[in-house]
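Chains as they are written, first to last, in the numbering used here: chain A, 64 to 489; chain B, 64 to 489; chain C, 14 to 166; chain D, 14 to 166. Even for Gly, the Cβ is constructed at its ideal location relative to N, Cα and C. The next block holds one structure in the form of structure tokens; read it before the comments.
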Amino acid sequence: MSNDLDVERIRQDFPILTRTVRDERPLVYLDSAATSQKPIEVLEAEAHFYRTCNASVHRGAHQLAEEATDAYEDARRRIAGFVGAADSDIVFTKNATESLNLASYAFSNATAKALHAPDSVDPRFVLRPGDSIVVSQMEHHANLVPWQEVCAKTGATLRWIGVDDEGRLELDSLDTIIDASTRVVSVVHQSNILGTINPVAEVMQRAHEVGAVGIVDACQSIPHMPVRVEELGADLVAWSGHKMLGPTGIGVLWGSREVLKEMPPFITGGSMIETVFMDHSTYAEPPKRFEAGTPMVAQAVGLAAAVEYLERLGMDAVARHEHDLTVYALDRLREMRGVRIIGPTDAKERGSAISFVVDGLHPHDVGQFLDDRGVAVRVGHHCAWPTCRRFDVPATTRLSSYIYNDTRDIDVAITGIRAAQDFFGV
Amino acid sequence: MSNDLDVERIRQDFPILTRTVRDERPLVYLDSAATSQKPIEVLEAEAHFYRTCNASVHRGAHQLAEEATDAYEDARRRIAGFVGAADSDIVFTKNATESLNLASYAFSNATAKALHAPDSVDPRFVLRPGDSIVVSQMEHHANLVPWQEVCAKTGATLRWIGVDDEGRLELDSLDTIIDASTRVVSVVHQSNILGTINPVAEVMQRAHEVGAVGIVDACQSIPHMPVRVEELGADLVAWSGHKMLGPTGIGVLWGSREVLKEMPPFITGGSMIETVFMDHSTYAEPPKRFEAGTPMVAQAVGLAAAVEYLERLGMDAVARHEHDLTVYALDRLREMRGVRIIGPTDAKERGSAISFVVDGLHPHDVGQFLDDRGVAVRVGHHCAWPTCRRFDVPATTRLSSYIYNDTRDIDVAITGIRAAQDFFGV
Amino acid sequence: MNVEAMYQEIILDHYKHPRGRHLLDAPEGESYQVNPTCGDEVTVQVRRDAEGHLHVGYEGQGCSISQASASVMSEMVEGMDVANADAVRHAFVEMMHSKGAGEPDEDVLGDGVAFIGVAKYPARIKCALLPWMALQDAQVKAGIPSGEEGAGR
Amino acid sequence: MNVEAMYQEIILDHYKHPRGRHLLDAPEGESYQVNPTCGDEVTVQVRRDAEGHLHVGYEGQGCSISQASASVMSEMVEGMDVANADAVRHAFVEMMHSKGAGEPDEDVLGDGVAFIGVAKYPARIKCALLPWMALQDAQVKAGIPSGEEGAGR
Ligand SMILES: Cc1ncc(COP(=O)(O)O)c(C=O)c1O
Ligand SMILES: Cc1ncc(COP(=O)(O)O)c(C=O)c1O
Numbered sequence: 064m065s066n067d068l069d070v071e072r073i074r075q076d077f078p079i080l081t082r083t084v085r086d087e088r089p090l091v092y093l094d095s096a097a098t099s100q101k102p103i104e105v106l107e108a109e110a111h112f113y114r115t116c117n118a119s120v121h122r123g124a125h126q127l128a129e130e131a132t133d134a135y136e137d138a139r140r141r142i143a144g145f146v147g148a149a150d151s152d153i154v155f156t157k158n159a160t161e162s163l164n165l166a167s168y169a170f171s172n173a174t175a176k177a178l179h180a181p182d183s184v185d186p187r188f189v190l191r192p193g194d195s196i197v198v199s200q201m202e203h204h205a206n207l208v209p210w211q212e213v214c215a216k217t218g219a220t221l222r223w224i225g226v227d228d229e230g231r232l233e234l235d236s237l238d239t240i241i242d243a244s245t246r247v248v249s250v251v252h253q254s255n256i257l258g259t260i261n262p263v264a265e266v267m268q269r270a271h272e273v274g275a276v277g278i279v280d281a282c283q284s285i286p287h288m289p290v291r292v293e294e295l296g297a298d299l300v301a302w303s304g305h306k307m308l309g310p311t312g313i314g315v316l317w318g319s320r321e322v323l324k325e326m327p328p329f330i331t332g333g334s335m336i337e338t339v340f341m342d343h344s345t346y347a348e349p350p351k352r353f354e355a356g357t358p359m360v361a362q363a364v365g366l367a368a369a370v371e372y373l374e375r376l377g378m379d380a381v382a383r384h385e386h387d388l389t390v391y392a393l394d395r396l397r398e399m400r401g402v403r404i405i406g407p408t409d410a411k412e413r414g415s416a417i418s419f420v421v422d423g424l425h426p427h428d429v430g431q432f433l434d435d436r437g438v439a440v441r442v443g444h445h446c447a448w449p450t451c452r453r454f455d456v457p458a459t460t461r462l463s464s465y466i467y468n469d470t471r472d473i474d475v476a477i478t479g480i481r482a483a484q485d486f487f488g489v
Numbered sequence: 064m065s066n067d068l069d070v071e072r073i074r075q076d077f078p079i080l081t082r083t084v085r086d087e088r089p090l091v092y093l094d095s096a097a098t099s100q101k102p103i104e105v106l107e108a109e110a111h112f113y114r115t116c117n118a119s120v121h122r123g124a125h126q127l128a129e130e131a132t133d134a135y136e137d138a139r140r141r142i143a144g145f146v147g148a149a150d151s152d153i154v155f156t157k158n159a160t161e162s163l164n165l166a167s168y169a170f171s172n173a174t175a176k177a178l179h180a181p182d183s184v185d186p187r188f189v190l191r192p193g194d195s196i197v198v199s200q201m202e203h204h205a206n207l208v209p210w211q212e213v214c215a216k217t218g219a220t221l222r223w224i225g226v227d228d229e230g231r232l233e234l235d236s237l238d239t240i241i242d243a244s245t246r247v248v249s250v251v252h253q254s255n256i257l258g259t260i261n262p263v264a265e266v267m268q269r270a271h272e273v274g275a276v277g278i279v280d281a282c283q284s285i286p287h288m289p290v291r292v293e294e295l296g297a298d299l300v301a302w303s304g305h306k307m308l309g310p311t312g313i314g315v316l317w318g319s320r321e322v323l324k325e326m327p328p329f330i331t332g333g334s335m336i337e338t339v340f341m342d343h344s345t346y347a348e349p350p351k352r353f354e355a356g357t358p359m360v361a362q363a364v365g366l367a368a369a370v371e372y373l374e375r376l377g378m379d380a381v382a383r384h385e386h387d388l389t390v391y392a393l394d395r396l397r398e399m400r401g402v403r404i405i406g407p408t409d410a411k412e413r414g415s416a417i418s419f420v421v422d423g424l425h426p427h428d429v430g431q432f433l434d435d436r437g438v439a440v441r442v443g444h445h446c447a448w449p450t451c452r453r454f455d456v457p458a459t460t461r462l463s464s465y466i467y468n469d470t471r472d473i474d475v476a477i478t479g480i481r482a483a484q485d486f487f488g489v
Numbered sequence: 014m015n016v017e018a019m020y021q022e023i024i025l026d027h028y029k030h031p032r033g034r035h036l037l038d039a040p041e042g043e044s045y046q047v048n049p050t051c052g053d054e055v056t057v058q059v060r061r062d063a064e065g066h067l068h069v070g071y072e073g074q075g076c077s078i079s080q081a082s083a084s085v086m087s088e089m090v091e092g093m094d095v096a097n098a099d100a101v102r103h104a105f106v107e108m109m110h111s112k113g114a115g116e117p118d119e120d121v122l123g124d125g126v127a128f129i130g131v132a133k134y135p136a137r138i139k140c141a142l143l144p145w146m147a148l149q150d151a152q153v154k155a156g157i158p159s160g161e162e163g164a165g166r
Numbered sequence: 014m015n016v017e018a019m020y021q022e023i024i025l026d027h028y029k030h031p032r033g034r035h036l037l038d039a040p041e042g043e044s045y046q047v048n049p050t051c052g053d054e055v056t057v058q059v060r061r062d063a064e065g066h067l068h069v070g071y072e073g074q075g076c077s078i079s080q081a082s083a084s085v086m087s088e089m090v091e092g093m094d095v096a097n098a099d100a101v102r103h104a105f106v107e108m109m110h111s112k113g114a115g116e117p118d119e120d121v122l123g124d125g126v127a128f129i130g131v132a133k134y135p136a137r138i139k140c141a142l143l144p145w146m147a148l149q150d151a152q153v154k155a156g157i158p159s160g161e162e163g164a165g166r
């Protein structure tokens, strides 16, 4: 099939893919939407940092500290470059969940501070009962629960854009759901459960029409397709490193300079301050304002190596490769009796995470049979429980591919699903 | 001198210590209070995790996910064991700063939620104008700024225990500063700038007398001496992994079961929930409630390896070794003309972080001369700016030793200070 | 051990033909438990009659393991006195934490022994335990003494 | 390059004998800048006279580099017209970002060229730039045109 990526070659960079699981079955890793595997380069970049220039960044005046700071800031620059951003607009967090909380806490923190000192905060972040926050019905919990929390703390109301039977956003209702009361609109770029790619620029445009802050959860898009953050039309964009070949423990929040500048801090402490007195402090400019404490230095360096790896492959080629695999997998699944795809059934505007249910079989039981054949997939609600309820399923089984997968991996999975059907007699 | 640790042997485990800096000077690393170096075992533990069982934890049903979950939870168990705690009382964060923010946000979040639904939160976390929060005048910004923020959000008042000329807490005033209005007392166990070891159990006891929640910042103690968290008498204890041979990007919050159980969540999203609906969610029990999103799995594994390394050396031996180095360094510094130690001048109840100023020389200039000789020290306010003001110094130079340092390192530093004095003619 | 060995006939039979699946008329205690990872749900109700015998009702949805486990549980403890029911529960929980080692006692566990293979799959242990955790919690709520109240999470 | 080479005589001389260190009577703009890492502080004031010449006052505390830099700055730009002062500042900033490469122009920078060695030490670059950043910011606040308003951070 596709010649976009040399999968055999790529697999050599991922030592874990040569291992076996269960009864000596070769590992077939189809769970990259949960977390990706890491190429040797990434592990080596981290180890190299620790072996040669590990030190506290931004604080020390010795050579090690200089080199560590350079490594950290170079990483920021390279990661910014990957999404076409300025490095000063890139904030490092521990994961996308923290990035989205950083965004949501801007509102609850500003609202609480405004009670005691209205002039101390930018009014655009202050919420009142009657204000609304808009998400969608296909959000990951990470882009839903924080907004529920903001509502509980400010009295604002949560609204959501529905999802149709095909797994697409119900955009017809956009103009009524997002209205003059709307202060925040936060939606996912590519759904981790349905695979749907949403026209976020359109949603963000509507958000801006009503003066709301627009946020995009790009966790599942930035690892899989070329994304220039500015083209998403959002004020803030969140994603994680570990889903794009990077280490665990690092995430990113990109923000437009103008919004970052006015956002109150989230986690506070060292390195994010300008001056500190016992009874008050002033804060540094972004991105430092949002990076309190000793940062994830080695992880930033590791993520920069991951980004270089992806750039070497070319994100266009990555996207084409995944698209071809998606077409293949959707075709195979559609051929099967008793299999229902939850999410778009054709590969247009959709990523490689494919959820499905099998008549008469619980996803956990499907997953067990796949596991038995060495196939690692995710079963459950994929941290998108309300989306499962929307489709009236308790859970789904999800195949998700990446640069190191090929059609043979899909074939093994399909055989496993059949075996489960045979065993349970459904 | 001391035979508690075989420093020559230990140094072989730290590849970075063999490098040179500036004009081929051997590196003399005396900046471990900022961040420690990492032994090979720690790097290998992380790499091993990535190479063999990297996967999403707590969510997957395949073998890799099982192994990753085991690795993560084993790490929790080993880290808990290191401080004599139950593993279910250990919460992983990205650093101590996040741990302390997790604690402080319990109060601001509960206070905000109580405005709209008083019964939804434990009243012990709800603050009102008139309530007080007590810290000390030797806190790291990480244990000061978050409490300033809580005050700004709730109307509570910040108070602090003063520091005397010797760098000790003014405990005489304890009973008046901590009074019936006090709802939180948060103090540092070992000061990162003064080196002082505080009698935190006494402070925590007073906190509990008035019904306040007691918190200890153990960032500088747990890496350097045997600590059983329960003996600190606190409800919550925060520290970082990177200062105790562990990777960057991981911190810990220990909490008493009873307090953790009632604390509202901080960062919200996946993995910390019990059920999620579009309009409301319920939360998991601790520690999961406080670990939203994909955790720092490899970093937890790395920190567990660090803890094993320290256990092999024995924390008693580590503490004795550092004590001996502290005695030596204090003696050398006291002999010098024009050098003033900021903090306790004798080694009783004090750790190995030693701050000083040199008459007529700015710390930055002292640091430059040390750097020129290969000595990595920290100059500045050490994220304890108000403490510098207390001692009327703009900044200090700080030597801080660890298991891989010996008296020769101190000697090189002393020679560098002399050179700076000579060069500037002071 | 392979997957077919884990899904013993007894488990499949209970899954396809659940026993005692109903809710009680007048429960004294009820517990709803959910496995947040996969959405398995089970509600267990209990009542104690004049002779001190336990009556159990349940309902649920989820995978074969959680639902078969509920069925086995109901069949086993229905009508038992509390001490015996507790003993069965303890034995089941212990077996599930055995990692598949050890020899479960068929005299105590009856059809429950079929779940020994499940104990080798950590992700499924929670499924198997779910109804038993609900049973314990329902007993606590009903004020029916049990050896380990509050340890139910 | 070693440390003694970084601390050129000129720098030490300005540090020990600061020139023009005073505050203005009627400043049109003032800026307080601090290096949060080490606590170096400097306040710079500016005023423009009827002929368009810049007058500069300053005060501060901190390391030799930041204080000597303030002294050099004051000596150089005091009394200059705004365009020339801006040119000097640009040249200084550029030199500090050169990593010690390049040939600073002594005609433009005067004693300022002594700081070329400092550019090799990233932690000290901020020290050297501090007063110049304050100058720029003070000009902005005074409404004195400068080629790059707002880029002062
Ligand atoms: C006493 C103390 N508290 C808190 C911190 C903050 O730790 P981290 O930067 O790892 O969050 C530090 C270290 O910088 C410290 O020394
Ligand atoms: C769409 C989406 N948003 C947010 C997240 C949360 O990312 P993380 O767990 O890395 O914080 C994920 C991944 O789990 C995701 O797929």
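Smallest Cα separation from residue i: which of the options?
i: residue 324 (chain A); options: A:331, A:352 and A:110; result: A:352
i: residue 331 (chain A); options: B:77, B:205, B:149 and B:372; result: B:205
i: residue 18 (chain C); options: C:156, C:137, C:127 and C:147; result: C:127
i: residue 482 (chain A); options: A:436, A:449, A:440 and A:464; result: A:436
i: residue 44 (chain C); options: C:50, C:38 and C:59; result: C:59
i: residue 202 (chain A); options: A:336, A:384 and A:231; result: A:231
i: residue 456 (chain A); options: A:467, A:421 and A:474; result: A:421
Helix, strand or coil: how does DSSP classify residue i here?
i: residue 163 (chain C); result: Legend: pLDDT at residue 163 (chain C) = 37, less than 50; position of this residue unreliable, no value from coordinates given.
i: residue 79 (chain A); result: helix
i: residue 456 (chain B); result: coil
i: residue 115 (chain A); result: helix
i: residue 412 (chain A); result: coil
Please list, in chain order, the chain C residues whose beta carbon lies closer than 8 Å to that of residue i.
i: residue 122 (chain B); result: 50
i: residue 331 (chain B); result: The premise fails here: residue 331 (chain B) is roughly 14 Å from chain C at the closest Cβ pair, so nothing lies under 8 Å.
Give the residues of chain B in contact with residue i, contact being defined as C-beta atoms less than 8 Å apart.
i: residue 104 (chain A); result: Within chain B, no residue comes near residue 104 (chain A); the closest Cβ sits about 12 Å away, beyond 8 Å.
Which residues of chain D have a Cβ atom closer than 8 Å to the Cβ of residue i, listed in chain order?
i: residue 128 (chain A); result: 136
Taking C-beta pairs closer than 7 Å, name the residues in chain A that residue i reaches, listed in chain order.
i: residue 16 (chain C); result: 431, 432 and 435
Which residues in chain C sit within 9 Å of residue i, going by Cβ to Cβ distance?
i: residue 398 (chain B); result: Ordered by position in chain C, no residue passes the 9 Å Cβ test against residue 398 (chain B), which lies about 60 Å from the chain.
Starting from residue i, find everything on chain D with Cβ-Cβ shorter than 9 Å and list it in chain order.
i: residue 486 (chain B); result: 16, 17, 20 and 25
Would you list, in sequence order, the uninterrupted beta strand (DSSP E) runs of no fewer than 3 residues that lie entirely inside the segment 174-235 of chain B? 195-199 and 220-224
Run through the segment 352-398 of chain B for me and flag every whole alpha helix (DSSP H) of 4 or more residues, listed as ranges in chain order. 360-376 and 378-398
Please give me, in chain order, every unbroken run of the alpha helix (DSSP H) with length at least 4 that falls completely inside the segment 103-147 of chain B. 103-115 and 126-145
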